[in-house]
Amino acid sequence: MNAQLQPSQVNEAGHMAIGGVDTLKLADQYHTPLMVYDVDQITGQVARFKKVFEENNVDYVVSYASKALAIKAIYQLLKPAGDHVHADVVSAGEMATAFQAGFPAARLTFHGNNKSKQELVMAVDHHVGMIVLDNFHEIDLLTAVLEERDATARVMLRITPGISAHTHQYTATGQVDSKFGFDLDSGQADQALQQVLANPRMDLCGVHAHIGSQIFELNGFEMAAAKLMAVVDHWRQDYCYLASIINVGGGFGIRYVSADHPLKPEEFVDAIVKTVKKEAARRHLPLPAIWIEPGRSIVGPAGYTLYTVGSRKDIPGLEPYVSVDGGMGDNIRPALYQAKYETVFAADPTQKAAEHVRLAGKYCESGDILADDVPLPKTKAGDILVMLDTGAYGYTMASNYNRNPRPAIVFVKNGHSQLVVKRETLADLVALDQSYTLE
Ligand code: PLP
């Protein structure tokens, strides 16, 4: 059996089950491609993050980075998790989704390297709890918005910590050459600090850094936490400003394939907390609140994509292509980042592999290959496959390429399933199109 499956994920019929629901039944009821989330896996992960902070007796916030999955149901699911569980948003769209879900604006943090004036107005008017200032243009825009609306805002400064975490180049954001945040060494961060401190409408709460994504080592986070504490110390000594929050971002790596051996997300948090405590003691600083922003590690392992097998192409001497009814439209990550996933045979995930295949999508791109070298029993058209750990950055990056509708999303819990995002229809696909009438 696939090492990533729990014994409880094989039911009495021998089929793969998610949250106690048979995947063949899910495919039959909701059709494929289908994204399925195990609710207990999501809430369990959030609870584990909270526990590490609580055991360490520090003030904290776990702010779910909703770019990983930004649908109403996820904000609704996180809302009851309490005041220490927030959500990051990076656009008017994510903000609007959170508002519609009834997620408290005070528990939202607004990020982004090019927030528009309209987006800042929306955040200010809805009293979004924290705006992370990323650049000088944004300080000017927010200053104007706050004047216009006669309002105030709680803000943080995002800095580029100059730490290059071991990760894929497209997701590395902590190194000096990054589009995100204020540079430290050139004095940009200090200049931003002075501007913000001089603005009575901005309540500066602290400093933020995010060093990258899918990180497997502790030392990147330890270095980032130490760097943030050094910034706090420098600002206290040179500007008499004491930050009350440090935000170390997200990026905790998860296991996509059996060869991945990430630490438990809790171990990352424990190392961060210990570093902050050590630095605070060494520098005689009060312990700040510690905020983290996990996205992938909360929803990634909880998500599964169900596909139906269709055509097959055998080429002598080469791995066969087995095509499924989805692909780069519902999961761009293999084509974009060469991301790897494991896939199991829903009807019998314990069955021994009979061959290794290339799992091809249905989109008109040769690069639309979801996975290479996938060990599977001999499949036939109509069989259901389950791709594992697809919960993060799949649906949120989905497209309508080739005018394919985006899939439906189902949440499962205790043997029950609920549709939380409908499958797009052909009518949805043309809903925004207008007829051309120019002569
Ligand atoms: N915080 C910030 C500022 C980010 O840019 C990102 C991802 O890009 C995250 C948090 C979430 O990262 P991950 O999903 O890898 O935990």
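Each residue of the sequence shown is one higher than the one before, starting from 4 at the first, in this note's numbering. Note that CB positions come from ideal geometry on N, CA and C, so glycine has one too. Treat the numbers as computed from the prediction; the structure is a model and nothing was measured.
Asked: Given Ile335 as reference, the closest of Ala349, Leu29, Ala374 and Leu309 once Cα atoms are compared; Found: Ala374
Asked: Which of helix, strand or coil DSSP assigns to Gly313; Found: strand
Asked: The region 49-65 touching the region 86-97, judged by at least three CB pairs closer than 8 Å; Found: yes
Asked: Assigned secondary structure, Val206 (DSSP; H/G/I helix, E/B strand, else coil); Found: The displayed chain sequence assigns Asp, not Val, to residue 206. DSSP places Asp206 in strand when its eight states are reduced to three.
Asked: Residue environment, Lys303, which counts as buried when at least 16 other CB atoms sit within 10 Å; Found: In the sequence on display, residue 303 carries Gly and not Lys. Flag for Gly303 reads buried.
Asked: Residue span of the beta strand (DSSP E) that contains Lys416, given as start and end; Found: Ala411 to Lys416
Asked: Where Ser66 sits in the DSSP three-state scheme; Found: strand
Asked: Beta-carbon proximity of Ala384 to Val312, cut-off 7 Å; Found: yes
Asked: Touch test, the region 14-33 against the region 357-369, Cβ-Cβ under 8 Å, three pairs minimum; Found: no
Asked: Alpha-carbon to alpha-carbon, Val272 and Tyr259; Found: 20 Å
Asked: Ser216 Cβ short of 6 Å to ligand 1 heavy atom set; Found: yes
Asked: Any non-hydrogen atom of ligand 1 closer than 6 Å to Ala68 Cβ; Found: yes
Asked: Ser300 (DSSP reduced to helix, strand or coil); Found: helix
Asked: Asp91, buried or exposed, once every other Cβ within 10 Å from all chains shown has been counted against 16; Found: buried
Asked: Contact under 7 Å by Cβ, Phe106 with Ile134; Found: no
Asked: Run of the beta strand (DSSP E) containing Val179, from where it starts to where it stops; Found: Where Val179 is concerned, there is no enclosing beta strand (DSSP E), given that its DSSP letter is neither H nor E.
Asked: Three-pair Cβ contact test at 8 Å for the region 292-308 versus the region 45-62; Found: yes
Asked: Contacting residues, own chain, Cβ-Cβ under 8 Å from Ala201 (five flanking each side not counted); Found: none
Asked: Whole-number beta carbon distance between Leu160 and Val199, since they are thought to touch under 8 Å; Found: 7 Å
Asked: Arg204 Cβ short of 6 Å to ligand 1 heavy atom set; Found: no
Asked: Enclosing beta strand (DSSP E) for Met226 [first to last residue]; Found: First-last for Met226: Leu221 to Tyr242, but that is the alpha helix (DSSP H), not the beta strand (DSSP E).
Asked: Contact set for Glu97: own chain, Cβ-Cβ below 6 Å, skip 5 residues either direction; Found: Ser69 and Ala73
Asked: Sub-7 Å separation of Ile142 and Val210 beta-carbons; Found: no
Asked: Nearest neighbour of Asp43, chosen from Ala283, Gly190, Val148 and Leu80 [CA to CA]; Found: Leu80
Asked: For Asp41, the residue or residues it bridges with in DSSP; Found: Val415
Asked: Residue burial classification, Glu368 (beta-carbon count within 10 angstroms, cutoff 16); Found: exposed
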